[in-house]
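Under the working numbering, residues -16 to 222 are what the sequence shown spells out, in order.
For each residue, glycine too, the CB sits at the ideal point set by N, CA and C.
No experiment lies behind these values; they were computed from the predicted model shown.
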Amino acid sequence: MTRGGTGIAGRHRDNGQVTGTRINPSILAADFVNMQAELARIAAADFVHVDVMDNHFVPNLTFGPQMVERIQATSPVPLDVHLMIDDPDRWAPGYAELGAASVTFHLEAAADPVALARRLRAIGSRAGVAVKPGTPADSLHELLDEFDQILVMTVEPGFGGQSFMPETMPKLRALADAARRRGSAVWLQVDGGISASTIAQAAEAGADTFVAGSAVFGADDPGSAIAALRDQAASVHRH
Ligand code: DX5
Ligand code: ZN
-16 MTRGGTGIAG
-6 RHRDNGQVTG
4 TRINPSILAA
14 DFVNMQAELA
24 RIAAADFVHV
34 DVMDNHFVPN
44 LTFGPQMVER
54 IQATSPVPLD
64 VHLMIDDPDR
74 WAPGYAELGA
84 ASVTFHLEAA
94 ADPVALARRL
104 RAIGSRAGVA
114 VKPGTPADSL
124 HELLDEFDQI
134 LVMTVEPGFG
144 GQSFMPETMP
154 KLRALADAAR
164 RRGSAVWLQV
174 DGGISASTIA
184 QAAEAGADTF
194 VAGSAVFGAD
204 DPGSAIAALR
214 DQAASVHRH
C-alpha cells in the first residue's frame, strides 16, 4: 500500500518558514469515463484531490469507496480524499483503510472531530478537517496538533468552476498565525476557484496546499499548469 504523501516536507514551519508548496488537482474537473488517462495527465502533481459527495451534505453526488479504490490503484500520485458527506464518523475510516494518503472530513458534519482524526491517523492516513466559507475556524486553533491539514474552503462545497471567495482569507490568515505561534506542522489547504489569478492571495494569507480543478484539467497541458501554479505560490512564500 502506497501512502506517498505521509510525512512529505516534515515540519514545514520550522524557523517560521513555510517550505512546502503542494498542488493537488481535483478530479471533479476530469472526464470521469477516462479516469485512467486523466490521472496520467497530472503525474507532476503532489496529490490527486478526490471529491466524495453524497447528495446530503452537498447538493451533488460523485462516487464512493469502490471508485476511490480504483483511483488509488491507478493514480501516479497519492490520494487526498475530500469527503463532503454526512456522518464522516462512520464513513471516513473506510477511505483511510483503502490506502488514501490523506482523508479530510467536514467539521460541520462530524460528531467528534478529534476522535475521528485520531482514528484516521491510527489507520495510517493523514487527518484533515475542512470548513465551509461561513464556518468559523477559531475552535481549531487549540486543536492544531490533532490534524495534519486544515482545509479552508474558498467556495461553497459542491461544484467545481465557482469563483474564489476572498472573504475567506482572514480565517486562513488567523489559522496560519496560530500555526506559526505554536510551531505547528499542520498544512493549510485551500479549495475552490484556485487559479493563476487567485493562488497568490491564498499563498500570501498562509496556504501551502492548493486544490485546483478547472485550472489544471481545463488547461491544454496540465503539467505546465501545475508547474506554473507551484512557481507562483512558491514565489510568494519566498518573499
Ligand atoms: C468543490 C470541490 C473542489 C472543486 C474545485 O466542492 O471541493 O475540490 O473540484 O474546483 P475548482 O478548482 O474548479 O474551483
Ligand atoms: Zn475538494
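- Listed by position in the chain, the residues whose beta carbon lies within less than 5 angstroms of some heavy atom of the ligand ZN are D34, H65 and D174.
- Taking the Cα positions, S207 is about 34 angstroms away from A100.
- The criterion of a C-beta distance shorter than 8 angstroms is satisfied by I177 and A185.
- For F15, no alpha helix (DSSP H) segment is defined, and its DSSP state is neither H nor E.
- In this chain, the beta strand (DSSP E) harbouring A195 covers T192 to A195.
- In this structure, A110 places its C-beta atom within 8 angstroms of the C-beta atom of D131.
- Within the same chain, Cβ atoms closer than 6 angstroms to the Cβ of F147 are found at T137, G176 and T181, the five residues on either side in sequence being excluded.
- Between A195 and I25, the C-beta spacing is not below 8 angstroms.
- If you compare the alpha carbons of V173, A159 and D174 with that of S167, the shortest gap goes to A159.
- For the pair A198 and A27, the Cα-to-Cα distance works out to about 14 angstroms.
- Annotation note: the stretch 50 to 75 contains the following uninterrupted beta strand (DSSP E) runs of length 3 or greater, listed N- to C-terminal: 62 to 67.
- By the neighbour-count criterion, in which a residue is buried when 16 or more other Cβ atoms sit within 10 angstroms of its Cβ, T57 is exposed.
- Sequence-distant Cβ neighbours of R156 in its own chain, meaning closer than 7 angstroms and more than five residues away, are A188 and G189.
- Secondary-structure assignment with DSSP links H89 through a beta bridge to A113.
- In terms of CA proximity to A92, D72 leads the group Y78, R104, D72 and A211.
- In the displayed model, S180 falls within coil according to three-state DSSP, outside both helix and strand.
- Where V219 is concerned, the enclosing alpha helix (DSSP H) starts and stops at P205 to R221.
- Runs of the beta strand (DSSP E) lying entirely within the stretch 149 to 174 and spanning at least 3 residues, in chain order: 170 to 174.
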